[in-house]
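So the sequences go chain by chain: A and B. According to this note's numbering, the first sequence is numbered sequentially starting from 4. According to this note's numbering, the second sequence is numbered sequentially starting from 4. We put the beta carbon where it would ideally sit given N, CA and C, even for glycine. The structure appears right after this line, and notes come after that.
Number of protein chains: 2
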Amino acid sequence: AGGSVVLVGAGPGDPELLTLKAVRALQSADVVLYDDLVSAAVLDFARREARKMLVGKTGYGPSCKQDDINAMMVTLAREGRRVVRLKGGEPMIFGRAGEEIAACRAAGIPVEVVPGISSAQGAASRLMASLTHRDHARRLQFVTAHARNGRLPEDLDFKALADPVATTVVYMPRHTLKDLVARLMPAGLDPSTPAVAVFAATRPEERIARATIATLAEAVDRAVDEGASGPCLVLYGHALAAALADAACDDTG
Amino acid sequence: AGGSVVLVGAGPGDPELLTLKAVRALQSADVVLYDDLVSAAVLDFARREARKMLVGKTGYGPSCKQDDINAMMVTLAREGRRVVRLKGGEPMIFGRAGEEIAACRAAGIPVEVVPGISSAQGAASRLMASLTHRDHARRLQFVTAHARNGRLPEDLDFKALADPVATTVVYMPRHTLKDLVARLMPAGLDPSTPAVAVFAATRPEERIARATIATLAEAVDRAVDEGASGPCLVLYGHALAAALADAACDDTG
Chain A
4 AGGSVVLVGA GPGDPELLTL KAVRALQSAD VVLYDDLVSA AVLDFARREA
54 RKMLVGKTGY GPSCKQDDIN AMMVTLAREG RRVVRLKGGE PMIFGRAGEE
104 IAACRAAGIP VEVVPGISSA QGAASRLMAS LTHRDHARRL QFVTAHARNG
154 RLPEDLDFKA LADPVATTVV YMPRHTLKDL VARLMPAGLD PSTPAVAVFA
204 ATRPEERIAR ATIATLAEAV DRAVDEGASG PCLVLYGHAL AAALADAACD
254 DTG
Chain B
4 AGGSVVLVGA GPGDPELLTL KAVRALQSAD VVLYDDLVSA AVLDFARREA
54 RKMLVGKTGY GPSCKQDDIN AMMVTLAREG RRVVRLKGGE PMIFGRAGEE
104 IAACRAAGIP VEVVPGISSA QGAASRLMAS LTHRDHARRL QFVTAHARNG
154 RLPEDLDFKA LADPVATTVV YMPRHTLKDL VARLMPAGLD PSTPAVAVFA
204 ATRPEERIAR ATIATLAEAV DRAVDEGASG PCLVLYGHAL AAALADAACD
254 DTG
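Right under this line is the structure:
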């Protein structure tokens, strides 16, 4: 009796970016089910006695078997365990939280959500760039560039993504970046729009590739050749001009 | 010597949603310059000896005198103080952080940003609604409904805001909500689109008004008549259907 599930946002990687509420949840968990995007330093906040189980092949790996994760969460909670489902970044933004909440509710398991700093916020803080600078951006938008089939989603609103007064954050951009850019240009995006790729934002191995939207794919390839790894995020829009002008807080992480 | 500025995101209100890094910054600050959207419980994390100064008339008050805030930050840091500029939510999302970073840099003052949980994330966690549920949302977008002149910004991309497979979060919606809805309908937004207003998300006085986009303005007026107050956020899109269906975690806060 008394089992429960808490979906906890682990933030972008720096363990100092956990919220107090997330730390408290980790410290009272019997079991922690974590994604492979969660940094080891974050996992260290769990109590030592807790069982820690890697469940999520997030990123580009083979299918996530979301149903299996849901079933495991529900089974453990039914056994009376306090389950923390620890997810990279923010659970409610491209985190499949909806499906996990629905599974818990269908099973009558108490479920709660603790927000986390999204990787976009982590990247913005490292770039020192406001995502909504009032001189440059009316709208901030988040999309994923990775559909269920691994390709660029066909039903993206490319016109909205080409808006010159928006800032756009692209999750999971790596495999489809060239395709995305090839759709944005005809939709009207200025090729000289400032664009940045951030690898492993807020982690010791963080790397930043600065470019324009026209040259970003090339800059990303170069960064990977030079060793960039970890979760990657692309940001573009004129609000990023500040981050481009400033190479002071640069590629060294 | 040794003065510095740290822009710190205070999160939506619940002090438990501060990050560890934010707490550390507050505990080592000599001066805390805070906005009126910052909750008192968050301010309590500052060390007792720190000077705490209310500077920001955010929200709908008279003009923010951003230049005065910038000047104060720079002056205090030049006197050698460790200054924390504490801002509601996330500094890099509709937080005027760009202008404050630029002012510090122009003055040669070391400046850093500590992200915070945005009010949108706070609201999503309370609504138990994924903002990007893969069945309903391809794109998540944030806009402000309040231009410098207090009116609805004229240069919003209403077509993008009427996209049936986007989730939209509207900051500062109160004064212009009727105007916004009047622009969204002709742009193609389905009047039955689920819509929610969240007042004072994650605070003890939190209130949630659930409606459709067509009836939301009315629901907001009713909530205010019934005592709803504090920072207000509007969210709409089919991803919010889950939050509408579920009135379990309802209006009681």
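{"Asked": "Separation of B:Gly111 from A:Phe145, as counted between CA atoms", "Found": "33 Å"}
{"Asked": "Selection of the stretch 142 to 155 of chain B by Cβ proximity to chain A, strictly under 7 Å", "Found": "Arg142, Leu143, Gln144, Phe145 and Val146"}
{"Asked": "7 Å Cβ cutoff, B:Ile72 in contact with chain A", "Found": "no"}
{"Asked": "Beta-carbon proximity list for A:Leu262, same chain, < 8 Å, skipping 5 on both sides", "Found": "Examination of residue 262 of chain A is not possible in this model, given that chain A is present from 4 through 256 alone."}
{"Asked": "Local Cβ density within 10 Å of B:Asn73, reported as buried at 16 or more and exposed below that", "Found": "buried"}
{"Asked": "Per-residue burial, B:Asp17 [other beta carbons within 10 Å of its own, 16 or more giving buried]", "Found": "buried"}
{"Asked": "Nonlocal neighbours in the same chain, by C-beta distance under 7 Å from A:Ile96, ignoring five residues either side", "Found": "Ser121 and Phe145"}
{"Asked": "Cut-off 6 Å between Cβ atoms - residues of its own chain near A:Thr179, not counting five sequence neighbours on either side", "Found": "Ala148 and Leu155"}
{"Asked": "Alpha carbon of A:Gly153 to alpha carbon of A:Pro176, nearest angstrom", "Found": "11 Å"}
{"Asked": "Proximity of A:Gly12 and A:Pro94 at Cβ, strictly below 7 Å", "Found": "yes"}
{"Asked": "A:Val116 and B:Ser128 closer than 7 Å at C-beta", "Found": "yes"}
{"Asked": "Three-state secondary structure assigned by DSSP to A:Thr171", "Found": "strand"}
{"Asked": "Whole-angstrom distance between B:Ala185 and B:Leu57, CA atom to CA atom", "Found": "36 Å"}
{"Asked": "Selection from B:Glu157, B:Ala80, B:Val35 and B:Gln124 that minimises the alpha carbon distance to B:Asp182", "Found": "B:Glu157"}
{"Asked": "Rounded C-alpha distance that separates A:Pro197 from A:Ala220", "Found": "13 Å"}
{"Asked": "7 Å Cβ cutoff, B:Gly101 in contact with chain A", "Found": "yes"}
{"Asked": "For A:Asp71, the first and last residue of its enclosing alpha helix (DSSP H)", "Found": "Gln69 to Arg81"}
{"Asked": "Presumed contact (8 Å Cβ cut-off) between A:Asp234 and A:Leu40, rounded CB distance", "Found": "The sequence as given places Pro at residue 234 of chain A; Asp does not occur at that position. With a Cβ gap of about 6 Å, A:Pro234 and A:Leu40 count as contacting."}
{"Asked": "A:Ile211 - partner residues in DSSP beta bridges", "Found": "A:Val201"}
{"Asked": "Of the listed residues B:Lys55, B:Asp71 and B:Leu130, nearest to A:Pro118 (C-alpha basis)", "Found": "B:Leu130"}
{"Asked": "Under 7 Å by beta carbon: chain A residues contacting B:Gln124", "Found": "Glu93, Met95 and Pro118"}
{"Asked": "C-beta contact flag for B:Val237 and B:Val168 at 7 Å", "Found": "no"}
{"Asked": "Assigned exposure category for A:Pro15 - 16 Cβ within 10 Å defines buried", "Found": "buried"}
{"Asked": "Cβ of B:Leu40 within 7 Å of any chain A Cβ", "Found": "no"}
{"Asked": "Short CB-CB distance (under 7 Å) between A:Leu236 and chain B", "Found": "no"}
{"Asked": "Nearest candidate by alpha-carbon position, reference B:His136, set B:Val227, B:Glu102 and B:Thr171", "Found": "B:Thr171"}
{"Asked": "7 Å Cβ cutoff, A:Asp166 in contact with chain B", "Found": "yes"}
{"Asked": "C-beta atoms of B:Arg99 and B:Leu36 nearer than 7 Å", "Found": "no"}
{"Asked": "Residues that A:Thr319 bridges to, as DSSP identifies them", "Found": "Past the edges of chain A, shown from 4 to 256, lies residue 319 of chain A, and the structure says nothing about it."}
{"Asked": "Three-way DSSP call (helix, strand, coil) for A:Gly101 in this model", "Found": "helix"}
{"Asked": "CB of A:Ala32 within 7 Å of CB of A:Arg85, strictly", "Found": "yes"}
{"Asked": "Neighbour-count burial assignment, A:Arg151, 16 or more Cβ in a 10 Å radius", "Found": "exposed"}
{"Asked": "Backbone secondary structure at B:Ser7 - three-state DSSP", "Found": "strand"}
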